[in-house]
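Engineer: Provided herewith is a single structure, encoded as structure tokens, for subsequent inquiry.
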Amino acid sequence: MAQHKIDFTKDGGLPVALTTIDNVVNWGRSNSLWALTYGLACCGIEMMASGASRYDFDRFGTIFRASPRQSELMIVAGTLTKKHAEFIKRLYDQMAEPRWVISMGSCANTGGMFNTYATVQGVDRVIPVDLYLPGCAPRPETLQYGVMMLQQRIRKEKANRSLKPKRLM
Amino acid sequence: MRAYTPKDDVQKKSYYTDRYYVAPQVPKFDVETDDVFAADLKAIKAKFKVSEAYIQVEQMVVYINPKNIHAVMTLLKDELEYNQLSECSAIDFIAARGGFEVFYQMLSMNKRKRLRIKFFIKQDEAIQSVSDVYRSADWAEREMYDMYGVIVKGHPFMKRILMPDDWEGHPLLKTYPLHGDEFAQWYEVDKIYGKEARSVIGPEIRDAARVDRYDTERFARLGHEVDFGAKFDENQAETPIKYQEDEGVFMIKKLDSSESVTITDRDR
Ligand code: SF4
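Chains as they are written, first to last, in our numbering: chain A, 1 to 169; chain B, 1001 to 1268.
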């Protein structure tokens, strides 16, 4: 038995926090951005470094998942070849709504230095992109910053908005 | 108007040719200068027709008849101890000679020698597969087909290896444009969204430094300041940045050279 009586009305002692649904839902969404492991080329190495212990993505709740069904963030890290384009679309479609895409590095943004017949000139030709990270390759700090920017954006969104599916067309 | 120049064979013509340029030649030596190669060549010549043979960069190059390729490779492997096929592929000579030169690069671990078997085929000619002699020829021949369109007979799995199966054209041909033909440029759009999506997604932008003046969301538009996301069309007049004196941007002043001083005393 408690030795003393708690005055719930004083000193914030009430075990209740008041907030809005939007804040709670967005707090959850933005702090559990599970990312699909999508290393396509050298940028993938930086993405792995961001996930590993030195930069430690787990602090932000970004945990890499090897399945699109369990992830809501796709970090396209690397060169998207034309042969692979249909698969990125398929994986994107398999992710559950709401979902976000970070295009990491020049290759994913614009095709980068691979100005050739075999490279898709920017992933936004295939799937809708929320955030573009410049660099070749962007350092892990850049990716961290990018993810934090995305978190801020998610927190500003309306949680109960009717989820309009993101489509390129 | 400028005269029309066909664009389908753009890499054939070089941009600039030096009139006095002499292409460097790697010197060729007689096969007799090397005893091991001389013995090898004798063994090949005993059974097959050899049109040319020489030593270049310490490697023997032997030109044979394309019909004999399988038998020659068997001979090289079983009797002459060339136990590794490092690489085989084709060289595009379609414009100059109407066909391909196919080469097989061999290595003998015991003799510590490298040897190259070569032959010339016409563009529509098929070659015999050697993948049952050397396993490494399996993928190399598939790549040869993928990149050059050389058909290989007797191959267990003749299919493209690098490009998608439904790809059109063979990218390493000299006639193939670097940025791809129309099929290549629209490949992912056509495949995923269908041809009717072309007008929505638009052509590829291959100029990495391009700034779209009329995009008011992603580019800071110096000299054309409008609100974020504002509609802006080509007919709208430019709004150049003005100096403060011309009722323009605060603090951006014109340089008055009479007021500028050159500092000579650094301890001033
Ligand atoms: S942007 Fe640079 S580092 Fe990243 S995948 Fe492309 S070439 Fe590699």
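Ideal Cβ positions, reconstructed from N, Cα and C, are used throughout, including at glycine.
Quick one: grab the DSSP three-state call for C1088/B.
Structural biologist: Here C1088/B sits in strand by DSSP.
Engineer: Could you say which of M1106/B, L1076/B, F1120/B, N1235/B lies nearest to S1334/B if we only look at CA atoms?
Structural biologist: Outside the displayed span of chain B (1001 to 1268) sits residue 1334/B, for which this structure offers no information.
Engineer: Where does G1101/B sit, in a helix, a strand or coil, going by DSSP?
Structural biologist: The identity of residue 1101/B in the sequence shown is Glu, whereas the question assumes Gly. Strand at E1101/B.
Engineer: Assuming D1165/B contacts K1174/B (C-beta within less than 8 Å), just tell me the rounded distance between them.
Structural biologist: Not quite, the Cβ-Cβ distance comes to about 24 Å (not below 8 Å), so this is no contact.
Engineer: Determine which residues of the segment 1103-1121 of chain B have a Cβ less than 7 Å from any Cβ of chain A, and write them out in chain order.
Structural biologist: Within the segment 1103-1121 of chain B, no residue has a Cβ that lies closer than 7 Å to any Cβ of chain A.
Engineer: Can you round the beta-carbon distance between V1102/B and I1064/B to whole angstroms, since I take them to be within the 8 Å contact cut?
Structural biologist: In fact, because the Cβ distance is near 10 Å, the residues do not count as touching under 8 Å.
Engineer: Does the segment 100-118 of chain A touch the segment 127-134 of chain A, meaning 3 or more C-beta pairs lie closer than 8 Å?
Structural biologist: The segment 127-134 of chain A is in contact with the segment 100-118 of chain A.
Engineer: Going by CA-CA distance only, name the one from D7/A, D130/A, G78/A, A85/A that's closest to K166/A.
Structural biologist: Nearest of D7/A, D130/A, G78/A, A85/A to K166/A, Cα basis: D130/A.
Engineer: How about N947/B and K1077/B: do their beta carbons lie closer than 8 Å?
Structural biologist: What the structure shows of chain B is the stretch from 1001 to 1268, and residue 947/B is not part of that stretch, so it cannot be assessed.
Engineer: Please list the segments of the beta strand (DSSP E) lying wholly inside the segment 83-112 of chain A, counting only runs of 3 or more residues, in order along the chain.
Structural biologist: Correct list: 100-104.
Engineer: Between the segment 1052-1066 of chain B and the segment 1105-1122 of chain B, do three or more beta carbon pairs fall short of 8 Å?
Structural biologist: A contact exists between the segment 1052-1066 of chain B and the segment 1105-1122 of chain B.
Engineer: Assuming D104/A contacts Y92/A (C-beta within less than 8 Å), just tell me the rounded distance between them.
Structural biologist: What sits at residue 104/A in the sequence shown is Met, not Asp. Contact doesn't hold; Cβ gap of about 15 Å is too wide.
Engineer: Output, in chain order, the set of chain A residues within a Cβ distance shorter than 7 Å of M1147/B.
Structural biologist: Within chain A, no residue comes near M1147/B; the closest Cβ sits about 11 Å away, beyond 7 Å.
Engineer: Kindly list the residues whose CB is nearer than 6 Å to the CB of M1163/B, restricted to its own chain and excluding five residues on each side of it in sequence; keep chain order.
Structural biologist: Closer than 6 Å at Cβ, skipping near neighbours: D1146.
Engineer: Output needed for G78/A: all residues of its chain with C-beta closer than 7 Å, excluding positions within five of it in sequence on either side, in chain order.
Structural biologist: G39, L40, A41, C42, C43, G44, G105, C107, A108, listed in sequence order.
Engineer: Tell me, please, which residues DSSP counts as bridged to E1052/B.
Structural biologist: Partner(s): Y1063/B.
Engineer: Looking at T79/A and the ligand SF4, is the gap between the Cβ and the nearest heavy atom below 7 Å?
Structural biologist: Checking the Cβ of T79/A against the ligand SF4 gives yes.
Engineer: For V1072/B, collect the residues of the same chain with a Cβ closer than 7 Å to its Cβ; drop the 5 residues on either side in sequence, then sort them by chain order.
Structural biologist: If we look at V1072/B and ignore the five residues flanking it on each side, its Cβ neighbours are I1044, F1048, I1064, I1117.
Engineer: Just curious, the beta strand (DSSP E) that F1120/B is in, first and last residue?
Structural biologist: 1113-1122 is the span of the beta strand (DSSP E), which, as asked, contains F1120/B.
Engineer: DSSP on M1106/B, reduced to helix/strand/coil?
Structural biologist: In this structure, M1106/B counts as strand in the three-state DSSP scheme.
Engineer: Name the residue from K1231/B, N1235/B, D1233/B, K1254/B whose alpha carbon lies nearest to the alpha carbon of K1242/B.
Structural biologist: When only C-alpha atoms are compared, the closest one is K1254/B.
Engineer: Could you give the distance in angstroms between the alpha-carbon of F1250/B and the alpha-carbon of V1226/B?
Structural biologist: Distance between the alpha carbons of F1250/B and V1226/B: 17 Å.
Engineer: Exposed or buried, which one is E46/A when buried takes at least 16 other CB atoms within 10 Å?
Structural biologist: Classification of E46/A: buried, given that the 10 Å Cβ count is 16 or more.
Engineer: Starting from L1178/B, find everything on chain A with Cβ-Cβ shorter than 9 Å and list it in chain order.
Structural biologist: Those are N115, T116, Y117, listed as they occur along chain A.
Engineer: Residues in the segment 64-96 of chain A with C-beta within 7 Å of chain B's C-beta atoms, listed in sequence order?
Structural biologist: Hits within the stretch, in order: K82, K83, A85, E86, K89.
Engineer: If we ignore side chains and look at the alpha-carbon of each, how far apart do S1051/B and V1026/B end up?
Structural biologist: If I take the Cα positions, the gap works out to 20 Å.
Engineer: Thinking just about the alpha-carbon of each residue, which of P140/A, Q144/A, E72/A, V101/A is nearest to the one in V123/A?
Structural biologist: Per the Cα distances, V101/A.
Engineer: For Q144/A and chain D, any beta-carbon pair shorter than 8 Å?
Structural biologist: In the displayed structure, chain D is absent; the protein chains listed are A and B.
Engineer: Would you say Q151/A lies against chain B (beta-carbon separation less than 8 Å)?
Structural biologist: So, not an interface residue.
Engineer: Does R167/A get closer than 8 Å to chain B when you measure Cβ to Cβ?
Structural biologist: Chain B, which has no Cβ nearer than 8 Å to the Cβ of R167/A, makes this no.
Engineer: Can a CB atom of chain B be found closer than 8 Å to the CB of V120/A?
Structural biologist: Answer yes: the Cβ-Cβ gap between V120/A and chain B drops below 8 Å somewhere.
Engineer: Quick one: list the residues of chain A neighbouring M1163/B, beta-carbon separation under 8 Å, in chain order.
Structural biologist: Simply K83, A118.
Engineer: Please classify I154/A: is it buried, with 16 or more other beta-carbons within 10 angstroms of its beta-carbon, or exposed?
Structural biologist: It counts as buried.
Engineer: Looking at chain A, which residues of the segment 1180-1193 of chain B have a Cβ within less than 9 Å of any of its Cβ atoms?
Structural biologist: Residues G1180, D1181, A1184, Q1185, Y1187, E1188, V1189, K1191, I1192, Y1193.
Engineer: Kindly indicate which residue of S1199/B, A1184/B, H1155/B has the alpha-carbon position closest to the one of A1137/B.
Structural biologist: Here the closest residue by C-alpha is H1155/B.
Engineer: In the DSSP assignment, what residue or residues form a beta bridge with L133/A?
Structural biologist: Answer is M104/A.
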